[in-house]
Amino acid sequence: MIAIEGLSVEFNATPLFEDVSYVINKKDRIALVGKNGAGKSTMLKILAGLQQPTKGTVSMPRDCTIGYLPQVMKLADSRTVMQEAELAFEHIHELQADLDRMNRELSERTDYESEEYQKLIERFTHENDRFLLMGGTNYQAEIERTLQGLGFSRTDFDRPTSEFSGGWRMRIELAKLLLQKPDVLLLDEPTNHLDIESIQWLEQFLATRANAVVLVSHDRAFLNNVTTRTIEISCGHIYDYKVKYDEFVKLRKERREQQLRAYENQQKQIEDTEAFIERFRYKATKAVQVQSRIKQLAKIERIEVDEEDNSALRLKFTCSSRSGNYPVICEDVAKAYGEHVIFHDVNLTIHRGEKVAFVGKNGEGKSTLVKCIMGEITDYTGRLTLGHNVQIGYFAQNQAQLLDENLTVFDTIDRVAVGDIRTKIRDILGAFMFGGEASEKKVKVLSGGERTRLAMIKLLLEPVNFLILDEPTNHLDMRSKDVLKEAIRDFDGTVIIVSHDRDFLDGLATKVYEFGGGQVKEHLGGIYDFLQKKQIDNLNELQKSPGLSASPTVTNETPKESSGRLSYEEQKELNKRLKKLERRVADCEKEIEQTEAAIAILEQKMTTPEGAADVSLYEQHGKLKAQLDKTMEEWETASTEWESMKEK
Numbered sequence: 141m142i143a144i145e146g147l148s149v150e151f152n153a154t155p156l157f158e159d160v161s162y163v164i165n166k167k168d169r170i171a172l173v174g175k176n177g178a179g180k181s182t183m184l185k186i187l188a189g190l191q192q193p194t195k196g197t198v199s200m201p202r203d204c205t206i207g208y209l210p211q212v213m214k215l216a217d218s219r220t221v222m223q224e225a226e227l228a229f230e231h232i233h234e235l236q237a238d239l240d241r242m243n244r245e246l247s248e249r250t251d252y253e254s255e256e257y258q259k260l261i262e263r264f265t266h267e268n269d270r271f272l273l274m275g276g277t278n279y280q281a282e283i284e285r286t287l288q289g290l291g292f293s294r295t296d297f298d299r300p301t302s303e304f305s306g307g308w309r310m311r312i313e314l315a316k317l318l319l320q321k322p323d324v325l326l327l328d329e330p331t332n333h334l335d336i337e338s339i340q341w342l343e344q345f346l347a348t349r350a351n352a353v354v355l356v357s358h359d360r361a362f363l364n365n366v367t368t369r370t371i372e373i374s375c376g377h378i379y380d381y382k383v384k385y386d387e388f389v390k391l392r393k394e395r396r397e398q399q400l401r402a403y404e405n406q407q408k409q410i411e412d413t414e415a416f417i418e419r420f421r422y423k424a425t426k427a428v429q430v431q432s433r434i435k436q437l438a439k440i441e442r443i444e445v446d447e448e449d450n451s452a453l454r455l456k457f458t459c460s461s462r463s464g465n466y467p468v469i470c471e472d473v474a475k476a477y478g479e480h481v482i483f484h485d486v487n488l489t490i491h492r493g494e495k496v497a498f499v500g501k502n503g504e505g506k507s508t509l510v511k512c513i514m515g516e517i518t519d520y521t522g523r524l525t526l527g528h529n530v531q532i533g534y535f536a537q538n539q540a541q542l543l544d545e546n547l548t549v550f551d552t553i554d555r556v557a558v559g560d561i562r563t564k565i566r567d568i569l570g571a572f573m574f575g576g577e578a579s580e581k582k583v584k585v586l587s588g589g590e591r592t593r594l595a596m597i598k599l600l601l602e603p604v605n606f607l608i609l610d611e612p613t614n615h616l617d618m619r620s621k622d623v624l625k626e627a628i629r630d631f632d633g634t635v636i637i638v639s640h641d642r643d644f645l646d647g648l649a650t651k652v653y654e655f656g657g658g659q660v661k662e663h664l665g666g667i668y669d670f671l672q673k674k675q676i677d678n679l680n681e682l683q684k685s686p687g688l689s690a691s692p693t694v695t696n697e698t699p700k701e702s703s704g705r706l707s708y709e710e711q712k713e714l715n716k717r718l719k720k721l722e723r724r725v726a727d728c729e730k731e732i733e734q735t736e737a738a739i740a741i742l743e744q745k746m747t748t749p750e751g752a753a754d755v756s757l758y759e760q761h762g763k764l765k766a767q768l769d770k771t772m773e774e775w776e777t778a779s780t781e782w783e784s785m786k787e788k
């Protein structure tokens, strides 16, 4: 579908990648991976037609549509959520207007026998069939399904987009892209602004309903659940694997080991040949053999080993001084906006040196409680006490976007460094892979991961003993995440981590606070202890069932109901219902697969001259699409109910 041939990109005469060639096929699910700054976002911009390569071509069919979601975008604030989402169907609105105009013309004209009137009827019929084929009559329901899948409630639909945070507005842009159903979706870190529930919905959508997908993400689980092919950009070259990310990691390791063995063998052969030439270079009796070895040496095709990224990112959070024994104590803390209660009756104590995780859906109060601790929100009720000598270092979700884009990397740090540390700025930048010319780069040309690293340096220069990190892994590559994790583990102070990244939290958090339904529940132990207690496999399954009301309510529960335990008969009935739902989900998936196959066959026929003129094919296609939408709704309903009942 899209052919990339001989692609090369240079910045200031330095090659980012060169002579890159590959093909994106229909229904491909591609993970584009590589270290920060390797060129992943640049590759997506080239595919989207927003940037031109230095050399090479990108070829695609004329009618191929591309949908691109960048890491950072500037959004308009003049519409409601629904109006903004409806822009995805502008082409349908234009077609509807054309149909209305033709319909009026048909009703006003009286030259029924004329050739022009017959042509107008034919054009109206053709355009009306196309309108139905594009889903012109049911797109409103599709918009609602998509917005709700990405976490919006019906009450949000008529709210102005200006009322939402940047993360939520990014979701609106993502919804528009998904609704347009482009032939190729280019997504640059789409999970950065999604909560755990929306990530799972997006995984299912991309895996079952999208066309070709090229995805940049540092979320291992997301990559494994969505993609089936991995393209690595490494040291200016690409390596194409027809496998998921985890399998790619194993194959990459094997490839490098094979290259090293072949390289070592060849080096031994070259050394022996050069030694022979040097030894007998001036002996007339060996002149023929020496010349033969020289020619042999010139013909050897040198084996190259993939250059390994040995630049060291060394993070070290230095604990400034000792805080009191209890850095944070909350007693009956509650926060509400008008009638909407964010959380209530929060009672928690964080001990000095503890590393705790805040987990739960977006909007359940994780960042709100953090802002209460920071003193940014003061109109809460209850009592919140910070311990003696607590010095907080805060990394916000949008920290990287708050940097001044017109400053260089060096100037950004130079402005916050004080005292003796100013003489060591170059050394610090070098340790964060901003050595040499990289320190003179403007912030506006940095990738998302590079900006996050720069924001992390600013945090490192602050004297703190209490770190609060709100989604610190957004935009960081796999390796940088591992290094950051090690630095937090070695930090002697206290840490609160707000994150939905299970791999990152594993081995870090010793206590988990779960936010949901207006409550904050404490779970002792690490993230896997918490998941086991919740009887779920990962954080993406957290809170899929309808949560408790955010407002505290009085319920008339029997002792059995309040304990949450089911009787034998109730458990038996629940298991029976679960099996029935599981069968229904499987039947729906099979039906969806068969219907999609039938639609594909019809669409193939419709591309031929005979098929394009056959109105019955359009009617069949419309019926199949309606059937597919109905089955998809049934599948979504059954899947949600099944998953919800599994948690009981």
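Counting along the sequence shown from 1, when you hit position 136 you're at 276 in our numbering, and nothing is skipped either side.
Ideal Cβ placement from N, Cα and C applies to all residues, glycine included.
Query                                                                                                                    : Result
Range covered by the beta strand (DSSP E) that runs through V466                                                         : Sequence check: residue 466 is Tyr here, not Val. It is not in any beta strand (DSSP E) - Y466 carries neither H nor E in the DSSP assignment.
Cβ neighbour criterion (16 or more within 10 Å) applied to F157                                                          : buried
Contact between the stretch 578 to 593 and the stretch 504 to 523 (3+ Cβ pairs under 8 Å)                                : no
Of the listed residues D610, M772, E224, nearest to D296 (C-alpha basis)                                                 : E224
Secondary structure of L190, DSSP reduced to three states                                                                : coil
Length of the line joining the Cα atoms of L437 and L599                                                                 : 54 Å
Collapsed DSSP secondary structure at K582 in the structure displayed                                                    : strand
Three-way DSSP call (helix, strand, coil) for L768 in this model                                                         : helix
Nearest candidate by alpha-carbon position, reference I283, set V221, P300, F271                                         : V221
Exposed unless 16 or more other CB atoms sit within 10 angstroms - verdict on N332                                       : buried
Spatial distance of P603 from L645 (CA atoms)                                                                            : 24 Å
Inter-stretch contact (C-beta, 8 Å, three-pair minimum) for the stretch 341 to 350 and the stretch 359 to 375            : yes
Neighbourhood of C204 by C-beta distance below 8 Å, restricted to the same chain and skipping five residues each side    : M141, I142, D323, V324
From V652, E743, S148, F655, residue whose alpha carbon lies closest to that of I378                                     : S148
Euclidean distance between Cα positions of E248 and G762                                                                 : 30 Å
Coarse secondary structure for Y162, derived from DSSP in three states                                                   : strand
Those residues which DSSP pairs with I490 across a bridge                                                                : V468
G515 - containing beta strand (DSSP E), residue span                                                                     : Element bounds for G515: n/a, residue is neither H nor E.
Same chain, Cβ closer than 7 Å to R433, five either side skipped, listed in chain order                                  : T413, F416, I417
With 16 other Cβ atoms within 10 Å as the buried cut-off, status of N529                                                 : exposed
Rounded Cβ spacing between Y208 and L326 (contact assumed at less than 8 Å)                                              : 4 Å
At least three beta-carbon pairs within less than 8 Å, the stretch 532 to 541 to the stretch 605 to 625                  : yes
Under the three-state DSSP convention, the category P155 falls into                                                      : strand
C-beta atoms of V486 and G658 nearer than 7 Å                                                                            : no
Endpoints, the beta strand (DSSP E) within which A352 is located                                                         : 352 to 356
Proximity winner among L616, H640, F457, relative to N502 (alpha-carbon distances)                                       : H640
For E441 and P210, the rounded distance between their alpha carbons                                                      : 41 Å
Element boundaries [beta strand (DSSP E), containing Y381]                                                               : 377 to 381
Cut-off 7 Å between Cβ atoms - residues of its own chain near A188, not counting five sequence neighbours on either side : I206, Y208, L326
Simplified DSSP state of T331, which is helix, strand or coil                                                            : helix
Contained alpha helix (DSSP H) runs [length at least 4] in the stretch 291 to 330, N- to C-terminal order                : 306 to 320
K730 in three-state terms, based on DSSP                                                                                 : helix
Stretch-stretch touch, CB-based, cutoff 8 Å, three pairs: the stretch 173 to 180 with the stretch 190 to 205             : no
Alpha-carbon to alpha-carbon, T489 and V635                                                                              : 13 Å
Alpha-carbon spacing of Q192 relative to I186, whole angstroms                                                           : 6 Å
Minimum C-alpha distance to D472 - residue among H484, E479, E267, Y381                                                  : H484
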